[in-house]
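Student: Just dropping this structure here.
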Amino acid sequence: MYLQCPFTSFRINRMKLFLPWLIAFVEMLVIIYLVSSIIPKVNETYPEPVTQAVSETESSPSAKMVPKEAAKFVIGDQVTLLINTKLRDKPGGELIQTLGLSEVLELTEGPVVKDDSWWWKAKVVSTSESRMEQFGGLTGYIAEGSWLKKK
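Going by the numbering used here, the sequence shown opens with residue 2, and the numbers climb by one from there.
Structure follows, in structure tokens:
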């Protein structure tokens, strides 16, 4: 006759109850893995890196030419200033000089578009006697607007 320990039979019975649940859990994990591999994944796309620098023109970076028929003036026109106007080194660039009223400029190049403005390269051809030495022959860019009047 064998002696039977009450604790060993309890462990065996407990394993008999736990084992089906363990198998069901593992089967569920396998099913989830299979289903997730069947569902198509969204392709992840990334923008391509920029490998080339944008080319810049020598006189006016990121400026583009305006059609001739859209321009208010033509090259060679002389214009007078109705208000103080800023003369710049390039379209939208650094300030060279602020020009006063009634100075006459000759348009030598343009127009080009920069920052939603039309820019003309202009040369100061006449100004007051006292300022002729300072401004005479000065060249730069001015924005086209109501402050320019054709002479």
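Think of the CB as a built atom: it goes at the ideal place given N, C-alpha and C, for glycine as much as any other residue.
Since Tyr34 sits in a beta bridge, which residues does DSSP pair it with?
Tutor: Answer by DSSP bridge pairing: none, since Tyr34 is not bridged.
Student: Quick one: measure Cβ to Cβ for Val105 and Thr81, integer angstroms, because I've assumed they're closer than 8 Å.
Tutor: 5 Å
Student: Thr109: buried (16+ other C-beta within 10 angstroms of its C-beta) or exposed?
Tutor: exposed
Student: Evaluate Tyr142 with the Cβ neighbour count: other Cβ atoms within 10 Å of its Cβ, from every protein chain shown; 16 or more gives buried, anything less gives exposed.
Tutor: buried
Student: Going by the beta-carbon positions, is the gap between Gly101 and Lys115 smaller than 8 Å?
Tutor: no
Student: For the putative contact between Ile97 and Leu83, defined by C-beta atoms under 8 Å, what is the C-beta separation to the nearest angstrom?
Tutor: About 20 Å; that fails the 8 Å criterion.
Student: Using the Cα positions of Ser38 and Phe19, report the straight-line distance between them to the nearest angstrom.
Tutor: 29 Å
Student: Report all residues from its chain with a CB closer than 6 Å to the CB of Ser127; omit the five preceding and five following residues, and keep chain order.
Tutor: Val105
Student: Looking only at its chain, what residues have a beta carbon closer than 6 Å to the beta carbon of Glu107, apart from the 5 residues adjacent to it on each side?
Tutor: Gln79, Lys124 and Val126
Student: By DSSP, does Asp20 sit in helix, in strand, or in coil?
Tutor: Position check: residue 20 holds Leu in this sequence, whereas Asp was assumed. In the structure shown, Leu20 sits in a helix (DSSP, three-state: H, G or I).
Student: Among Lys152, Lys73, Trp120 and Phe74, which residue has its Cα nearest to the Cα of Asp90?
Tutor: Considering only alpha carbons, the answer is Trp120.
Student: Assuming contact is defined by CB atoms lying nearer than 8 Å, are Lys144 and Ser103 in contact in what I supplied?
Tutor: One point to set straight first is that residue 144 is Ala, not Lys, in the sequence displayed. Against a cut-off of 8 Å, the Cβ pair of Ser103 and Ala144 comes out as no contact.
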